[in-house]
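Chains A and B are the protein sequences, given in the same order.
Here numbering that gives the first Met the number 0 is used: the first residue of the first sequence is 0, the next is one more, and so on.
Here numbering that gives the first Met the number 0 is used: the first residue of the second sequence is 0, the next is one more, and so on.
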Amino acid sequence: MNRLVVRLVPSLAALAGAFMVSAVIVAASGNSPGTAFTALLSGAFGSADSLSEVAVKTCPLLLTGLAIAVSFQAGVWNIGAEGQLLMGALAVATFGVRAVHLPGWLGLGGALVLAAVAGGAWAGIAAQLKLRRNVNEVISTIMLNFIALGLISYLVQGPLMEAGGRYPQTDAIASALWMPRLAPYRIHLGVVIALLAAAGLHVLLYRTVAGYEMRASGLNPDAARLAGIRVHRRLWLALMLSGALAGMAGGIEVSAVTRRLYERFSPGWGFTAIAVGLLGRLSPTGVVIAAFFFGALDAGSNAMQRAAGVSSVLVSIIQATVILFLVAFERGRWLPEPHP
Amino acid sequence: MTVPLLSLRGVSKRFGPVQALSGVDLDFNAGEIHAILGENGAGKSTLMYVLDGVQRPDTGIILMNGSAVAFASPRVARRAGIGMVHQHFTLIEALTVAENLALSLPQPPRWRFDATVTAAQAQALARRIGLELAPPEAPVSGLPVGARQRLEILKALAGAGRVLILDEPTAVLTPQEARHLFAMLRQLRAEGRLVIFITHKLREVKEVADRVTIMRRGGVIGSYAVGAISEREMAEHMVGEVVPAPARVGQRDHERPAALDVSGLSARGARGIDGLRGVSFSVRAGEIFGIAGVDGNGQRELFEVLVGLRRPSCGTVHVGGRPLTAFTPRAALAAGIGHIPPDRHHEGLVLSMTIEENLLLHRGILDRLSWHGLLRRAAARRFAADLARQYAIQSASLDAPARSLSGGNQQRVIVARELAERPAVLVTVNPTRGLDVAAARAVADAVIDVTCQGCAVVLISTDLDEVLDLSASVSVLSRGRLSTPLTTPIDAERLGLLMAGAAESS
């Protein structure tokens, strides 16, 4: 536990720096930083309802943050969580309008498995390109994001457009596939699934041989190979897991919150996830904390805008500044070890 | 008495515990080809880096035409007329010949870049010194090695180059290209330039140099007119007075079967030239077989083939009578070939992982300490603690990153781990290089212990003392070929000649 505290010092310092910068910006725009931050805080934690909203906002960030953590730890720079998330959402939306007659648990379980498979398959394209053709995964995953965005844009305006044909969106999924909620709040079972995924990833990375091999391959592939580790298999596994987690994030969001798929479905979770992953120092525990923090900022931002008249965009500034500070403090120390 | 073009006075340079140069006094004259001869680690490269402004000396001064100069960077040195051709080329592959030349000008164009002007200048210079330059508009990526080197030389001479430093220039060249290079160097000498030429090949010194300075362990042994010194004398100066200690491991025991049998092994080299050419040897259980030689003569390739990083083009490797069929590190480990790699940081450890985790970094250990893919943490901790105690690994905690350990303790981690799996064969490259005395002795003792327990050890080393101290028999690897083994008592002088590549001429 002590080690975790030490490892979180740069993250905490980055947070402090980001809030100071934001305070200056708020003051410069003629508002009171105190009022703004108080409103932000009460917007996030002021009531049971707002806490439920924090959990709802945390869920996709947590799953995609874990996706970033597992791939980055294995030295695979998956920038494509956004695309993988969209493919997971697409899988559930497509499956969901047709799976009316399935019993609930089977339909929901099947939908989540499909979401994971779709995200993993989308990442699998980048994995195959990397392992067979030595294509840099940063490039391929970014490009696959654009393809996923374009594909969904086409589908929701064309083949998958709702029966009424008014908006570019799919029909609502069958109610059997709706993620159970804790009424009257919006908090849903997906949050528990995301936390279980974090626990599972922790076990995988730190308690299993496969996880050990992934981390060793990520930090020093040459030493790992010489130790008899099949580095390529580990990279492949990490990227597929990463895609599956991101796909789950999209699938759960459709099943639990939006109930359908439309253009601009994701506000960029897959990209914010990189910030979440880095802020959480790529450890599952850290990612839980970081995702919760980002979720709270998102949930509180609207209340802040209403109560203090400060644009909710301030939250994006805080999130971005945190990462800039963190990167500056760390000098890219989470990157693989430099070779002399 | 003319003033030397370039002089060093009392130049010393230290890297951590290693004294790379100690009090070097040296004169270089205009219009001479001056060879610097020495084993690996003798300080040749550091000396050249000091002259080229890459490294700054801790103490001492550099004089040019009798007045003191200080080079803060290679660019400053270039302005003073000193250019260097590194062993590993510094060309930008995606750019053309002319563009590469423009980049290396003492005053590179700041705004507008006109490659035709550079090209014209370059070709004028090339014509004058009889250097055959590739077409200026050709991209460097398509040039053969010889052409690249000529471009490097031209880069180094661009502007008003008076001093040309070449770091082992023939290492990458075919014999024809090397002859061409020597002709060019003579032309430069005729124009009154100074050529400094680093090598460890005696024959090249004899062929092209006027004077030779021999270095050993960071110091200058002496400077000699090449005509007044024989190859044999040079080899002796280079290797030093090695007193072969009685090997600590017994004589070859012909009763025991060969644990490792290597036959007719050839492999392509790292730089595309021949790495290994028909290497055969066998090592019995309980024997240390030393492979001496100067770096870059196939040492790296031999290591890579034996541990499964490189597939041989022909030849076989048998371990305990069974042939090695797949050349992957995994297969080599499974066959019982353990290794202590030459580069601790790069290949032996994951520096950011903990000491405990690094002690597990071996396929066999991970298998042993896991249950259906789950790490048995208590067993792993016990295993690591036992090894740390047994090998006296000094650290605050096993949870500290391997990065925090001293070099000696890092090497102990690797040795402990590799020997814990009781390999049938241990391949080790320069195992005590860069270690303090205590750690070096601990590593050597561990290697001897495992040998006495029946391991067959292949000791590939560029440190002659290390080889002679540990091995019962020694072969020399030179230009990818392995000499017949010398057995104890070993004739150090003959060994030195073999290492310097004089085998064919003697």
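Glycine included, every Cβ here is placed at the ideal spot set by N, Cα and C.
Remember, predicted model here, so these are calculated numbers, not experimental data.
- Residue pairing from DSSP places Gln168 (chain A) in a beta bridge opposite A:Tyr261.
- Among the residues of the segment 337 to 354 of chain B, those with a Cβ less than 9 Å away from any Cβ of chain A are His338, Pro340, Asp342, His344, His345, Glu346, Gly347, Leu348, Val349, Leu350, Ser351, Met352, in the order of the chain.
- For Ser477 (chain B), the enclosing beta strand (DSSP E) has its first and last residue at 472 to 477.
- Counting C-beta pairs closer than 8 Å gives three or more between the segment 41 to 61 of chain A and the segment 294 to 308 of chain A, which meets the contact rule.
- About 7 Å separates the beta carbon of Leu61 (chain A) from that of Val286 (chain A), a gap short enough to meet the 8 Å contact definition.
- With a cutoff of 8 Å on beta-carbon distance, Leu323 (chain B) and Val316 (chain B) are scored as near each other.
- In the DSSP assignment, no residue is bridged to Ala198 (chain A).
- Residue-level contact by beta carbon fails for Arg280 (chain A) and chain B, as no gap is shorter than 8 Å.
- Annotated three-state conformation of Thr1 (chain B) is coil, per DSSP.
- Nearest Cα to Val49 (chain B) within the set B:Arg202, B:Arg77, B:Gly289, B:Gln148: B:Arg77.
- For Glu356 (chain B), the residues of chain A that pass the 9 Å Cβ criterion are Tyr211, Arg214, Ala215, in the order they occur in the chain.
- Annotation: Cβ neighbours of His361 (chain B) in chain A (cutoff 9 Å, chain order): Ala226, Gly227.
- DSSP places Cys313 (chain B) inside the beta strand (DSSP E), whose first and last residues are 313 to 318.
- Chain B has no Cβ within less than 8 Å of the Cβ of Leu130 (chain A).
- For Leu36 (chain B), no alpha helix (DSSP H) encloses it; the enclosing beta strand (DSSP E) starts and ends at 32 to 37.
- Using a Cβ distance threshold of 8 Å, Gly80 (chain B) and Arg161 (chain B) count as a contacting pair.
- The contact set of Val91 (chain A) on chain B, defined by CB atoms closer than 7 Å, is empty, because the minimum CB distance reaches about 30 Å.
- In this structure, the beta-carbon distance from Leu218 (chain A) to Ser474 (chain B) does not fall below 8 Å.
- Assignment of alpha helix (DSSP H) within the segment 18 to 102 of chain A, counting only whole runs of 4 or more residues, yields 32 to 44, 47 to 72, 80 to 97 in chain order.
- If you check each beta-carbon in the segment 317 to 330 of chain B against every beta-carbon of chain A, the ones closer than 9 Å belong to Thr327, Pro328, Arg329, Ala330.
- The beta-carbon separation of Ala114 (chain A) and Gly246 (chain A), rounded to 5 Å, stays under the 8 Å limit for a contact.
- Taking the Cα positions, Leu404 (chain B) is about 49 Å away from Gly30 (chain B).
- Distance from the Cα of Ala215 (chain A) is smallest, within the candidate group B:Pro134, B:Asn357, B:Glu38, B:Met63, for B:Asn357.
- Following the DSSP letters along the chain, one finds Arg210 (chain B) inside the beta strand (DSSP E) bounded by residues 210 to 215.
- Any Cβ of chain B closer than 8 Å to the Cβ of Ala222 (chain A) would place that residue at the interface, and such an atom is present.
- For Leu374 (chain B), the chain A residues whose C-beta falls within less than 7 Å of its own C-beta are Arg206, Thr207, Val208, Tyr211, listed in chain order.
- Contact between the segment 113 to 127 of chain B and the segment 68 to 75 of chain B is not established, with fewer than three Cβ pairs separated by less than 8 Å.
- About 6 Å separates the CB atoms of His361 (chain B) and Arg416 (chain B); that is less than 8 Å, so the two are in contact.
- Spanning the alpha carbons of Lys12 (chain B) and Ile35 (chain B) requires a straight line of approximately 17 Å.
- Using a 10 angstroms sphere on the CB of Trp177 (chain A), the tally of other CB atoms reaches 16 or more, which defines it as buried.
- Burial state of Pro422 (chain B) is buried, judged by a 10 Å Cβ sphere holding 16 or more other Cβ atoms.
- Between the segment 125 to 132 of chain A and the segment 194 to 214 of chain A there are fewer than three C-beta pairs closer than 8 Å, too few to call the two in contact.
- Near chain A, meaning a CB-to-CB distance below 9 Å, the residues of the segment 291 to 318 of chain B are Val306, Gly307, Leu308.
- Contact with chain B is absent for Asn133 (chain A), since none of that chain's Cβ atoms lies less than 8 Å from the residue's Cβ.
- With contacts defined by Cβ atoms closer than 8 Å, Gly407 (chain B) and Asp435 (chain B) form a contacting pair.
- Asp260 (chain B) is positioned such that its CB atom lies no closer than 8 Å to that of Ser229 (chain B).
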